[in-house]
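Colleague: From first to last, the protein sequence lines stand for chains A and B.
In terms of our numbering, the first sequence is residues 1 to 596.
In terms of our numbering, the second sequence is residues 1001 to 1596.
Here you go, one structure.
Protein chains: 2
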Amino acid sequence: MLRTHTCGQLRKEHVGTEVTLCGWVENKRDHGGAVFIDLRDRYGLTQVVLGPPEADQTQIDKAGRVANESVILVRGKVANRLEGKTNEKLATGEIEVRCPELEVLNACQTPPFTPGQTDLPGEDLRLKYRFLDLRRPEMQRALVLRSKIIKTMRDYFAEHQFIDVETPILGRSTPEGARDYLVPSRVHPGHFYALPQSPQLYKQILMVAGFDRYVQVAKCFRDEDLRADRQPEFTQLDLEMSFVDADDIMGLIDGLVAKTAKEVLGKDVSLPLPRLTYDEAMRRFGHDAPDLRFGMEIVDVTEVAKKTEFRVFRATADAGNFVRAIRAPGGAEKYSRRQIDELTEFVKEYGAKGLAWFRVEEDGTLWSPVSKNFDASHLEEIKSLLQGEPGDLLLFLADSWDVTCKGLYALRKRLGAELKLYDPDALHCSWVTEFPMFERDEESGRWVAMHHPFTAPLASDLEKLESDPQACRAQAYDLVINGSEAGGGTIRIHDQKTQSKVFELLGIDEQTAEDRFGFLLNALRFGAPPHGGIALGVDRWVMLFAGLENIREVIAFPKTQKASDLMTEAPGVVDNDQLTELHLRTLAAKQPSATS
Amino acid sequence: MLRTHTCGQLRKEHVGTEVTLCGWVENKRDHGGAVFIDLRDRYGLTQVVLGPPEADQTQIDKAGRVANESVILVRGKVANRLEGKTNEKLATGEIEVRCPELEVLNACQTPPFTPGQTDLPGEDLRLKYRFLDLRRPEMQRALVLRSKIIKTMRDYFAEHQFIDVETPILGRSTPEGARDYLVPSRVHPGHFYALPQSPQLYKQILMVAGFDRYVQVAKCFRDEDLRADRQPEFTQLDLEMSFVDADDIMGLIDGLVAKTAKEVLGKDVSLPLPRLTYDEAMRRFGHDAPDLRFGMEIVDVTEVAKKTEFRVFRATADAGNFVRAIRAPGGAEKYSRRQIDELTEFVKEYGAKGLAWFRVEEDGTLWSPVSKNFDASHLEEIKSLLQGEPGDLLLFLADSWDVTCKGLYALRKRLGAELKLYDPDALHCSWVTEFPMFERDEESGRWVAMHHPFTAPLASDLEKLESDPQACRAQAYDLVINGSEAGGGTIRIHDQKTQSKVFELLGIDEQTAEDRFGFLLNALRFGAPPHGGIALGVDRWVMLFAGLENIREVIAFPKTQKASDLMTEAPGVVDNDQLTELHLRTLAAKQPSATS
């Protein structure tokens, strides 16, 4: 090693030691003829001094000229800092290294921005110069955390006898689910590989092959139009087990959550993690990934609404729809009439026609512009259902089940944050179970699998597969962290007949099923064990554990929302010869230039 | 869990316990009205008995009808086997489980082959039914070993403060090196991503970003015509370090080799691993990845050859070429005249024009059909140089340096195996260092980088970059295990001027360099530390550690030599709509059918 120590390592006990340090010039200060350099590496920051008597004027001048972010090597002796000059915030803050000379290993040109600057430039510039952006302590912390989380996961599953098996990246396209990324074959003209959307079928095959417990940190790919928190390639912790039920998988992941929270954040998580059924989650929170860091549960007041004179409530209730509400504690003072109007506009984005509201007054009565339409006893009943206290704001949607779910979910999420109802550092993990097997595709009116077509129904709902698909629940479970889906899995169908029946329900005829999934159906015929698994979103986990909100901050080299890598300028133009070899011609209007 | 124990877990101390087992029916035997089933899972084999008094005749009959490879569940009591019926070869061989009934979880149709059968079908059938093939104990062992080796590697680097960073799979095509796999972009018409041949540039960027120590088990891709031991996608343990020299990297990997050999095979490896320079390797073994499990080094006898009357030797030596030889211990008896003729044909494949040979007779004299052309003193000199002993066979090539290297390397490899000069279970690891920076491309006559264009020259050879590129040696090191290249790395160029000079030498002009590697050149301008790294071939490591010779035996779902996955039938045909969305048209003669 060129260095004897890192820039985070030296302490008082090293005083007097001759050391060699390497690192980046974070800062330098010229004080009374001596140059003080903050020398930085991944491990920390050490103060390096070039001054008399150790250094002569030539070296001091040289140090004065070194540009920030240059890479230098210094040899010197560790010394106590002068009294009053120590820095308690710095692990190395009691010492400095006094050097006779410095060697510039690589001078830095004037960079477009420096990692230390507080007013960061726009994300595009940071992505173009990612090697500078990645020097920022926040990015280093996030990626170190990511490495730790993944290591913790791998260790945990190794302790539980899982085998890490790599599944192919060059696979077969199946026109299910999202759009595939395709890879043209040179050897087989007109044929294409597809990058995997998940290792789903391979891991099921591994169970049929008797591997019993499989795990992989797997790269997955989806050619979708990108939302803020999606990337064309993403990482999932993927696992599968044989001879298990849903409880076994959830219990296993409970242990992982607790271990990761403890080892990575030093936090205790009490087990088992709470479990909600899908129905309960929709009823209490209006969503299948509720944020349980705070209460503010949805309350159904339809029965009272029916009895009131308020036209909107009564008409809704009479039509078989719902009046549901949430209570914003302390919201009466926090939200002015104007702000409540703004909340009304907000819920309209989710299909609501309006937002009714009541304030709980000091004397405990409810007041609202529409309160004259309510009997005092009905108001009392509503207050009691919502457990309203003086100062609370009660907010109501009267609409279809779906709209009340969506609207109140969004409202709850917004108010929870605005009213600071939770500790932003808290980590709340839970399960949502017993999802419906199917949902209707709104465009085609056909059944689609809510998870994927390999999901097993609850044993008790097996006969509903044919008699009442809508009511058929799946052996499915999603892990929710702080209101984000952080993983999802199912017990799979392990007999070929049920699998064929599900394909049929999904409108996949026998021939199509054989063409697309023949090898899976085959595998199910030759001794498939009962099995199930889960996939955890690694990028999402890291983001939530790090308390970050932009997924690109936890990925070393992310793509933009247009799926570009601004540093390498991928995707790029290729030679026509390369396309010819792949038996392809581009239909792009004209061959774009390499820099476009 | 459906089961209480695995099939490899029960021992004498469990006798009397009620257990539930799940697994595959490996075998069954009908003995005197009772059915004995060998129940198998990943962990072992347990004998299960359905017979009186526990089971009634209906259950016994049912057991008798269960097809091999079906998945069953049994509940029963652990019992001692009858005296004389224990099986010492089996970990569970002292007990059996006596069951009142069995439940068939999934019946197996008649499979095309069974994992237990000794006469395996051809590899194509095994790959098509990979879920059966992977049940073979050899495959399970290989993949468990693979998982262990990778875990050992990851643990080792975590202990050494490496950060595991994922680099992109969707990258930028650079027309260096092998052929890229391309991925058309939907969002950017006419633009393509490329799958990485290695994370080389990303890991250098990570060093420029100050990550100091990076590691990744990385998937890499090359669209090459496949040789027996190559796959279109392969796995490498990829790492990079800052502020190091070649010794640091080799020392680090020495530790990894020792740890892996110890933990995975229980073998001790003494460190440091031997190191040879490239020149020495070529001189002593004729190859840059010599098998050091045995001696049989190449000896240069050109000086003696010059003095003899043997025309071939003298002409070769006079022309400035070489006469080099190896000694096959005990080869005189082993190889008949006819077999030596066969060896002559063998070396001709490597460009040799013939093969001269001598037998060391009982009395210590050398004999050959051409020995009359040699003075006794010259023969004595040759014998002495080769340290010939009675019974040895001495084999000579007289040719250019290259041909003698290639021919004698091949001959040594063949004879080493045929004469059983080494323990096939032995593991011999070593380093070859100081490779030439450049070699001439035979077709174009241009310089090409022997490793890659980011390799730094030896500091002492820096000035030869311009004055004598041929003599310029690189800071490069290859890890060799049992005569196979198992890894290779270099110290990289960290200053932009040297990098530009190397590009220039390789005929990459300034504009092209900026277009292709602009972001790297940029990174080198903004504070790049000295750095270097290595990539280890994980598939190769597993193959060598497992003592296997076919790389497809250490990969769960490998491709054939035509880059096909026979199980999923990838690559496959895709809808024209998918191509249109990607702005592409296929030039394949006609759209092939989905089953071709």
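C-beta: ideal position from N, C-alpha, C; glycine also.
Nothing here was measured: the structure is a model prediction, and the numbers come from that model.
1) With 16 as the cutoff for other CB atoms within 10 Å, does A/Leu386 come out buried or exposed?
2) Are the C-beta atoms of A/His583 and some chain B residue less than 7 Å apart?
3) At a Cβ cut of 8 Å, what residues of the stretch 1170-1196 of chain B count as close to chain A, listed as they run along the chain?
4) Looking only at its chain, what residues have a beta carbon closer than 7 Å to the beta carbon of B/Pro1390, apart from the 5 residues adjacent to it on each side?
5) Rounded to whole angstroms, how far is the Cβ of A/Leu419 from the Cβ of A/Pro329, which I believe are closer than 8 Å?
6) Where B/Thr1046 and B/His1014 are concerned, what is the direct C-alpha to C-alpha distance, given to the nearest angstrom?
7) Considering only residues of the same chain and omitting the five flanking positions on each side of A/Thr92, which have a CB-CB separation below 8 Å?
8) In chain order, what residues of the stretch 1241-1264 of chain B put their CB closer than 8 Å to some CB of chain A?
9) To which residues of the same chain is B/Ile1551 closer than 6 Å at the C-beta, ignoring the five residues directly before and after it?
10) What's the C-alpha gap between B/Asp1392 and B/Ser1430?
11) Could you tell me which chain B residues have their CB closer than 7 Å to the CB of A/Cys99, listed as they occur along the chain?
12) So which residues on chain A does B/Arg1042 lean against when the C-beta distance must stay under 7 Å?
13) Taking B/Lys1062 as the reference, which of B/Asp1247, B/Asp1041 and B/Ala1034 has the closest Cα?
14) Quick one, are the C-beta atoms of A/Thr308 and A/Phe374 less than 7 Å apart?
15) Using DSSP with H/G/I as helix, E/B as strand and the rest coil, what is A/Thr152?
16) Do B/Leu1073 and B/Cys1022 count as a contact pair if the criterion is CB distance below 7 Å?
17) Give a yes or no on whether the C-beta atoms belonging to B/Ala1178 and B/Arg1222 are separated by under 7 Å.
18) So which residues of chain A does B/Ser1070 contact, with C-beta pairs closer than 7 Å?
19) State the beta-bridge partners of B/Val1301 as determined by DSSP.
20) Under 8 Å Cβ to Cβ from A/Val269, same chain only, skipping five residues before and after it: list those, please.
21) Please go through the same chain and pick out, in chain order, the residues whose beta-carbon is closer than 6 Å to the beta-carbon of B/Leu1226, but skip the five residues on each side of it.
22) Comparing the C-beta of B/Asp1577 with each C-beta of chain A, is any distance below 7 Å?
23) Three-state secondary structure (DSSP) at B/Asp1399?
24) Alpha carbon to alpha carbon, how far is B/Arg1172 from A/Thr568? Give it in angstroms, no decimals.
25) Out of A/Phe162, A/Thr277, A/Leu292 and A/Asp495, which one is the CA nearest neighbour of A/Pro529?
26) Check this for me: beta carbons of B/Ile1534 and B/Gly1487, under 7 Å apart or not?
27) Please return the same chain residues whose Cβ sits closer than 6 Å to the Cβ of A/Ala471, not counting the five positions on each side in sequence.
28) Using a beta-carbon distance below 7 Å, is A/Cys108 in contact with chain B?
29) My output table needs one value for A/Ile72: the three-state DSSP class, helix, strand or coil.
30) Assign B/Tyr1278 to one of three DSSP states: helix, strand, or coil.
31) Out of curiosity, what's the CA-to-CA distance linking A/Asp180 and A/Met450?
32) May I have the straight-line CA-CA distance separating B/Gln1231 from A/Lys497, to the nearest angstrom?
33) Buried or exposed, going by whether 16 or more other CB atoms sit within 10 Å of the CB of B/Gly1266?
34) Output needed for B/Glu1018: all residues of its chain with C-beta closer than 6 Å, excluding positions within five of it in sequence on either side, in chain order.
35) Note down the Cα distance separating A/Ile95 from A/Glu83, rounded to an integer number of angstroms.
36) Tell me the DSSP secondary structure of A/Asp405 in three-state form.
Modeller: According to the data block:
1) The residue in question, A/Leu386, is buried, as its Cβ has 16 or more Cβ neighbours within 10 Å.
2) yes
3) Leu1170, Gly1171, Arg1172, Ser1173, Pro1175, Arg1179, Asp1180, Tyr1181, Leu1182, Val1183, Pro1184, Ser1185, Arg1186, Val1187, His1188, Pro1189, Gly1190, His1191, Phe1192, Tyr1193, Ala1194 and Leu1195
4) Val1360, Glu1361, Glu1362 and Gly1364
5) 7 Å
6) 13 Å
7) Here the set comprises Cys7, Gly8, Gln9, Leu10, Arg11, Gly44, Leu45, Thr46 and Gln47.
8) Ser1242, Phe1243, Val1244, Asp1245 and Asp1248
9) Asp1229, Asp1539 and Met1543
10) 28 Å
11) Against chain B, the beta carbon of A/Cys99 has no neighbour under 7 Å; the closest one sits roughly 17 Å away.
12) Gly210, Phe211 and Asp212
13) Comparing C-alpha distances from B/Lys1062 to each of B/Asp1247, B/Asp1041 and B/Ala1034 shows the shortest one belongs to B/Ala1034.
14) yes
15) helix
16) Contact: yes.
17) Contact: yes.
18) Gly527
19) DSSP output for B/Val1301 lists no bridge partner at all.
20) Val257, Ala258, Ala261, Lys262, Leu427 and Cys429
21) Gln1561
22) no
23) strand
24) 6 Å
25) Here the closest residue by C-alpha is A/Asp495.
26) yes
27) Lys464
28) yes
29) Reduced to three states, the DSSP call for A/Ile72 is strand.
30) helix
31) The alpha-carbon atoms of A/Asp180 and A/Met450 are separated by roughly 19 Å.
32) 36 Å
33) exposed
34) Lys1077
35) 11 Å
36) For the sequence presented, residue 405 of chain A should be read as Cys rather than Asp. If DSSP states are grouped into helix, strand and coil, A/Cys405 belongs with the helices.
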